[in-house]
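Visitor: Take 211 as the starting number for the sequence shown in this note's numbering and just add one per residue.
Note that beta-carbon positions come from the ideal geometry of N, C-alpha and C, so glycine has one too.
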Amino acid sequence: MDSKFNASDTFFDFSNTPMLYYYLQRRVPSYFNQIPICLVSDYLEREQIRHLRSLHVPLVVFQHWPRIPFDTLDGIPNTVRHGRLANCIYRNFRPYGHVNGLEVWARRTHRIKPAVDQAASLKDALAPRGYILNKLPYVLAKKAEAEQRELVNIQTWNKAEIEGPKLDLPLKKKKKLMAKAQGARVWFFLKLRSTSQPVNYRVSYSSDRQEEGVYRAVVPENKGPTSHLIPISSQYNWHRRRIKHITVQSSIGTRFMEDAALVVFGDEMNQACF
211 MDSKFNASDT FFDFSNTPML YYYLQRRVPS YFNQIPICLV SDYLEREQIR HLRSLHVPLV
271 VFQHWPRIPF DTLDGIPNTV RHGRLANCIY RNFRPYGHVN GLEVWARRTH RIKPAVDQAA
331 SLKDALAPRG YILNKLPYVL AKKAEAEQRE LVNIQTWNKA EIEGPKLDLP LKKKKKLMAK
391 AQGARVWFFL KLRSTSQPVN YRVSYSSDRQ EEGVYRAVVP ENKGPTSHLI PISSQYNWHR
451 RRIKHITVQS SIGTRFMEDA ALVVFGDEMN QACF
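(1) Check whether the stretch 316-325 touches the stretch 419-434, taking contact to mean three or more Cβ pairs, one atom from each stretch, closer than 8 Å.
(2) Can you name, in chain order, every residue of its own chain whose Cβ lies under 8 Å from the Cβ of Asp252, other than the five neighbours on each side?
(3) Within the stretch 219-265, note down every full alpha helix (DSSP H) run reaching 4 residues or more, in order along the chain.
(4) Report the option in Val314, Ser443, Lys333 whose CA atom is closest to the CA atom of Val267.
(5) Secondary structure at Lys376, three-state DSSP: helix, strand or coil?
(6) If contact is defined by three or more beta carbon pairs under 8 Å, each pair taking one atom from either stretch, is the stretch 349-368 in contact with the stretch 437-450?
(7) Measuring alpha carbon to alpha carbon, tell me which of Asn288, Phe224, Asp281 ends up nearest Leu269.
(8) Can you find at least 3 beta carbon pairs, one from the stretch 360-367 and one from the stretch 473-481, that sit closer than 8 Å?
(9) What would DSSP say about Gly423, mapped onto helix, strand or coil?
(10) For Ser437, which of helix, strand or coil comes out of DSSP?
(11) Taking 7 Å as the limit between beta carbons, can you name the residues of its chain near Glu422, skipping five residues before and five after?
(12) Can you name the start and end residues of the alpha helix (DSSP H) that Ala335 belongs to?
(13) Just the C-alpha distance for Leu346 and Ile286, rounded to the nearest angstrom, thanks.
(14) Under a Cβ-count criterion, where at least 16 other Cβ atoms within 10 Å of its own Cβ denotes burial, should Val250 be classed as buried or exposed?
(15) Taking Leu295 as part of the alpha helix (DSSP H), name the residues at either end of that continuous run.
(16) Is the CB-CB distance between Thr227 and Val290 below 8 Å?
(17) Grouping DSSP H, G and I as helix and E and B as strand, with all else coil, what is Met388?
(18) According to DSSP, is Phe484 part of a helix, a strand, or is it coil?
(19) Quick one: Cα of Val309 to Cα of Leu234, how far?
(20) Alpha carbons only, please: which of Ser460, Leu472, Ser218, Pro305 is nearest the one belonging to Glu373?
(21) Among His449, Gln481, Ala471, whose alpha-carbon lies nearest the alpha-carbon of Trp397?
(22) What does Ala184 pair with, by DSSP beta-bridge criteria?
(23) If you draw a straight line from the alpha carbon of Asn216 to that of Pro239, how long is it in whole angstroms?
(24) Count the other CB atoms, across all protein chains shown, that sit within 10 Å of the CB of Thr220; report buried if there are 16 or more and exposed otherwise.
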């Protein structure tokens, strides 16, 4: 950083690397030296974004390369656990390169000499990801309901489209969907029928070329019809690829969906990023 940036510039460490700011002698953009592990609430995440807007942050240390447990604490990827921050990074930064075991992203508007391995870094960033979420989508939907958060539909499907053991749901043009989202995170909302045993299900999104990302989750048993929120925009490919459809499959191979939609939280629309 000393050779490319001003002394007042800093970076945002999204990788939970202990003491990284100390080693690089850069301003800590938070109360904590290890971020985002200490951002344990939605309020703290919003405050972190607000504070970052007051600083000049040309770089983000996105994750370790190769990945380590600090990137997926308790099995949950940082991009899911801290979705607001990840959404800002996806909107305003791009993969830059691998530096000393860390994947670094640079601000899109910042002119910086390409890293030696920039092409390899971009290829890795665009590789399809698979997230195992277990019952988290169910918990997230219950949390949103308890907090009475407004869900705004940006695409819905009719009953005929959501029936069948394997569902291929066509998407509207990506640019139109993201315009409707107005900068907010995008979630895939499902309402699933009651089951007497846990049911595994799989949600993937694809371009014309290939499957670009996957989420695996579980329907809890004996809960009645349940709502689920898949954080579908928590992967970089959702933002960078031309996604054409979403596919849903279940382990029981029978009709198990009552409703599906792409939604955003109303209070996240038109929110400023860093």
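Guide: Short version:
(1) These segments do not touch.
(2) Answer for Asp252: Arg294, listed in chain order.
(3) Taking only runs of at least 4 residues, the alpha helix (DSSP H) segments lying wholly in the stretch 219-265 are 230-234, 252-262.
(4) Of the residues Val314, Ser443, Lys333, the one whose Cα lies closest to the Cα of Val267 is Val314.
(5) In the structure shown, Lys376 sits in a strand (DSSP, three-state: E or B).
(6) With a cut-off of 8 Å on Cβ pairs, the stretch 437-450 is in contact with the stretch 349-368, counting three or more such pairs.
(7) Of the candidates Asn288, Phe224, Asp281, Phe224 places its Cα closest to the Cα of Leu269.
(8) Contact holds: three or more Cβ-Cβ distances are below 8 Å.
(9) Assignment of Gly423 by DSSP, reduced to helix, strand and coil, places it in the strand class.
(10) Three-state DSSP puts Ser437 in a strand.
(11) Non-local C-beta neighbours of Glu422 in its own chain, meaning closer than 7 Å and more than five positions away in sequence, comprise Pro338, Tyr415, Ser416, Asn447, Arg451, Ile453, ordered along the chain.
(12) Here the alpha helix (DSSP H) through Ala335 covers 328-335.
(13) Cα-Cα distance, rounded: 9 Å.
(14) With fewer than 16 other Cβ atoms inside 10 Å of its own Cβ, Val250 counts as exposed.
(15) It spans 293-302 - the alpha helix (DSSP H) in which Leu295 sits, taken as one unbroken run.
(16) The answer is no: Cβ separation not under 8 Å.
(17) Looking at Met388 - three-state DSSP - the assignment turns out to be helix.
(18) Under the three-state reduction of DSSP, Phe484 is assigned to coil, being neither helix nor strand.
(19) Approximately 13 Å between the Cα atoms of the pair.
(20) With distances taken between Cα atoms, Glu373 lies closest to Ser460.
(21) With distances taken between Cα atoms, Trp397 lies closest to Ala471.
(22) Since the first residue of the chain shown is 211 and the last is 484, residue 184 is not available in this structure.
(23) Straight-line Cα distance between these residues: approximately 16 Å.
(24) That one is buried.
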